[in-house]
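Residue numbers (our numbering), protein chains in the order written: chain W, 191 to 402; chain P, 400 to 780. For every residue, glycine included, the Cβ atom is placed at its ideal position computed from N, Cα and C.
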Amino acid sequence: MNDPIKYVPKRDIRVDWQLIAEMVEPGSRVLDVGCDDGQLLAHLAETKEVEGRGLELSQQGVNICVANGLSVVQGNADTDLVYYPDDSFDYAILSKTLQTTHQPHVVLEQLLRIGRRAIVSFPNFAYWRCRAYLAIKGRMPMTNSLDIPWYETPNIHFCTLKDFTALCEKMDVKIEQSVIVKASGDVMTRSTYGSFANFFGADCIFMLSKKD
Amino acid sequence: MSINPPQSDNQTVILGKETPLELDCGVTLEAINMAYCTYGTLNADKSNAILICHALTGDQFAASRQPVTGKNGWWEIMIGPGKVLNTDKYFIVCSNVLGGCMGTTGPSDIDPNTGKPYGLNFPIITIADMVRAQALLQNYLGIESWFSVIGGSMGGMQTLQWASAYPDRVFSAIPIACAARHSAQNIAFHEVGRQAVMADPNWQSGEYYASDKKPTSGLAVARMAAHVTYLSEAALHRKFGRNLQDRENLTYGFDADFQVESYLRYQGINFVDRFDANSYLYITRAMDYFDLVEDNGGALANAFEGTKTRFCSVSFTSDWLFPTSENRDIVHALIAAAANVSFVEVETDKGHDAFLLDTPEMFKTIDGFLQSSAKSRGLIS
Numbered sequence: 191m192n193d194p195i196k197y198v199p200k201r202d203i204r205v206d207w208q209l210i211a212e213m214v215e216p217g218s219r220v221l222d223v224g225c226d227d228g229q230l231l232a233h234l235a236e237t238k239e240v241e242g243r244g245l246e247l248s249q250q251g252v253n254i255c256v257a258n259g260l261s262v263v264q265g266n267a268d269t270d271l272v273y274y275p276d277d278s279f280d281y282a283i284l285s286k287t288l289q290t291t292h293q294p295h296v297v298l299e300q301l302l303r304i305g306r307r308a309i310v311s312f313p314n315f316a317y318w319r320c321r322a323y324l325a326i327k328g329r330m331p332m333t334n335s336l337d338i339p340w341y342e343t344p345n346i347h348f349c350t351l352k353d354f355t356a357l358c359e360k361m362d363v364k365i366e367q368s369v370i371v372k373a374s375g376d377v378m379t380r381s382t383y384g385s386f387a388n389f390f391g392a393d394c395i396f397m398l399s400k401k402d
Numbered sequence: 400m401s402i403n404p405p406q407s408d409n410q411t412v413i414l415g416k417e418t419p420l421e422l423d424c425g426v427t428l429e430a431i432n433m434a435y436c437t438y439g440t441l442n443a444d445k446s447n448a449i450l451i452c453h454a455l456t457g458d459q460f461a462a463s464r465q466p467v468t469g470k471n472g473w474w475e476i477m478i479g480p481g482k483v484l485n486t487d488k489y490f491i492v493c494s495n496v497l498g499g500c501m502g503t504t505g506p507s508d509i510d511p512n513t514g515k516p517y518g519l520n521f522p523i524i525t526i527a528d529m530v531r532a533q534a535l536l537q538n539y540l541g542i543e544s545w546f547s548v549i550g551g552s553m554g555g556m557q558t559l560q561w562a563s564a565y566p567d568r569v570f571s572a573i574p575i576a577c578a579a580r581h582s583a584q585n586i587a588f589h590e591v592g593r594q595a596v597m598a599d600p601n602w603q604s605g606e607y608y609a610s611d612k613k614p615t616s617g618l619a620v621a622r623m624a625a626h627v628t629y630l631s632e633a634a635l636h637r638k639f640g641r642n643l644q645d646r647e648n649l650t651y652g653f654d655a656d657f658q659v660e661s662y663l664r665y666q667g668i669n670f671v672d673r674f675d676a677n678s679y680l681y682i683t684r685a686m687d688y689f690d691l692v693e694d695n696g697g698a699l700a701n702a703f704e705g706t707k708t709r710f711c712s713v714s715f716t717s718d719w720l721f722p723t724s725e726n727r728d729i730v731h732a733l734i735a736a737a738a739n740v741s742f743v744e745v746e747t748d749k750g751h752d753a754f755l756l757d758t759p760e761m762f763k764t765i766d767g768f769l770q771s772s773a774k775s776r777g778l779i780s
């Protein structure tokens, strides 16, 4: 694993965004897939001077982005990534969007085709609170970060930390870096925590690349 | 609408004397008149100029009183001090298109070879020809590159043509509610309009200029048919429904019983006073011929290969003349060309005409895009 992430959580910016920003080289070209209202792109432009582009499904999100001067296109991660040329970005980022796509594995493939590296963050469904919620209450888990009831959630493809690493292996994708975040915002690494990471980790952030 | 629109600053220059205008059809125009209006002030390094490309029946009076109708400019909602196209910051140029009838050379002008109005002897012009003529105007004004080129509908086609043909002369481009190629359905609508004009006996094969009879009925019908395509079913229903016009009951005749009929007749009648029927034929033809895909070997992305121009594309949900799908095709091509592009689909029931109307989401989008472009151009810090 790489050097431990130097990171002090800030209150006003989503933890996974701060960690993603730590992974991004300054001045690089970044595509944020599912960029919502552009907060991550703005954060990356501000802190890493990236040349950012966004793809976002919701009209409201796109409108906010463009009105704020960000280069964002309205479109769908499942259908519109095919239009981007190979290796046209240094990083293709998917922050907490993977679980909303119809074909996560195809989206991952596309990210790695478009970007030299892909950075993916997602909520870990094997987080102990989720497990406890389901085990004890017998209901679909709702936590601080998963706060939408099952019938309204856009999250249609939940996965666990283990599921994700298994998919990476199946797709023959190289995991360059991985960061697991506890609900407290504290960071742990898979190497030190092993399978405990899949139990205590609320959110996961992976930097991936194609194997040579 | 402002009560006191800016004074019309209508000017006409003769262009192409040294470099004649070579048209796509093979004809060369030795010199052309180019009529244009400007608003705001050109800065010292001439980096704040925005070119507005007007639509089929528009003209150069984008933000000043139209001399024939006396009405306010067609895009006054966008242009002026503090507005999206801020005349305190930008120098706005809007020229009448080649083939038009408000001062730029078109079929109603005198053919130097015959001493009579061109009529149908005017050469067929294309969107690319219109843009070539505008490029001559850009040279004349000494502007190296437009800060932005913006336009809706046919203006959007010109904007795309500008960005494709002169990438170094366009810093940013805002094509609104348009397409990279005119669809079969749109060509069909245009053909209906042209046939309406040509079926009018007063059209006289286009040689009506010396006659006291003009093809006003045909042109009015063409306008009425076209106007329906600029609106939407929802907008027509909202505005008129099945409401009757100044009457309690149906008349069991062919008067304009319904408000929507009366409205369309009004649109038709008003149009003929300010527009030349032959210009209508020529300009609709130019739109029909527009095909940036075919021009680039079947791959639209080739039109924008290596472009440094920043793009912002806008479409409207209820636009069935240039639906979102066609605007999205442009965006996909720009993405494939690795261009810097933004795209917003604005939700509205106002149809294609939404780009001319009070559409706050469009204003915010273009305002944000222009602000960030101005920063990257060094116009604002």
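Buried versus exposed, by CB contacts within 10 Å (16 or more), residue i
i: R531 of chain P; result: buried
i: P480 of chain P; result: exposed
i: E421 of chain P; result: exposed
i: P600 of chain P; result: exposed
i: L324 of chain W; result: exposed
i: I734 of chain P; result: buried
i: P516 of chain P; result: buried
i: G398 of chain W; result: Contrary to the premise, residue 398 of chain W reads as Leu rather than Gly in this sequence. The residue in question, L398 of chain W, is buried, as its Cβ has 16 or more Cβ neighbours within 10 Å.
i: S571 of chain P; result: buried
i: N642 of chain P; result: exposed
i: P511 of chain P; result: exposed
i: T287 of chain W; result: buried
i: S780 of chain P; result: exposed
i: E239 of chain W; result: exposed
i: M191 of chain W; result: Unreliable placement is indicated for M191 of chain W, whose pLDDT of 40 sits below 50; the coordinate value is still reported in the next sentence. Answer is exposed; the Cβ neighbour count stays below 16.
i: V297 of chain W; result: buried
i: I509 of chain P; result: exposed
i: W340 of chain W; result: exposed
Cβ of residue i within 9 Å of any chain P Cβ
i: D270 of chain W; result: yes
i: Y383 of chain W; result: no
i: G259 of chain W; result: yes
i: Y274 of chain W; result: yes
i: D193 of chain W; result: In this predicted model, D193 of chain W has a pLDDT of only 47, less than 50, meaning its place in the structure is not dependable enough to derive any value.
i: K238 of chain W; result: no
i: Q249 of chain W; result: yes
i: A308 of chain W; result: no
i: D402 of chain W; result: no
Contact list for residue i against chain W, beta-carbon separation under 9 Å
i: F742 of chain P; result: V252, V256, V262, V263, Q264 and G265
i: N627 of chain P; result: The question names Asn, but residue 627 of chain P is Val in the sequence shown. By Cβ distance, chain W contributes nothing, its closest Cβ being about 26 Å from V627 of chain P, past 9 Å.
i: N739 of chain P; result: E241, R243 and S261
Min CB distance residue i to chain W below 9 Å
i: I413 of chain P; result: no
i: C452 of chain P; result: no
i: I734 of chain P; result: yes
i: Q410 of chain P; result: no
i: R709 of chain P; result: yes
i: V745 of chain P; result: yes
i: K774 of chain P; result: yes
i: R727 of chain P; result: yes
Opposing strand residues paired with residue i [DSSP bridges]
i: M397 of chain W; result: W:I309 and W:Q367
i: R531 of chain P; result: According to DSSP, R531 of chain P bridges with nothing at all.
i: A448 of chain P; result: P:F490
i: D222 of chain W; result: W:G244 and W:I283
i: P294 of chain W; result: P294 of chain W pairs with nothing; no bridge assigned.
Chain-ordered neighbours of residue i on chain W, where CB pairs are closer than 7 Å
i: V730 of chain P; result: V263
Interface residues of chain W facing residue i [CB-CB closer than 8 Å]
i: C781 of chain P; result: Nothing can be reported for residue 781 of chain P: it is not among the residues displayed for chain P, which extend from 400 to 780.
Proximal residues of chain P, C-beta to C-beta of residue i below 7 Å
i: S278 of chain W; result: A737
Legend entry - Proximal residues, the stretch 747–770 of chain P versus chain W, C-beta separation under 8 Å: E760, K763, T764, D766, G767, F768 and Q770
Legend entry - Contacting positions in the stretch 567–596 of chain P - beta carbon closer than 8 Å to chain W: none
Legend entry - Contact residues within the stretch 510–537 of chain P, judged by C-beta distance below 7 Å to chain W: none
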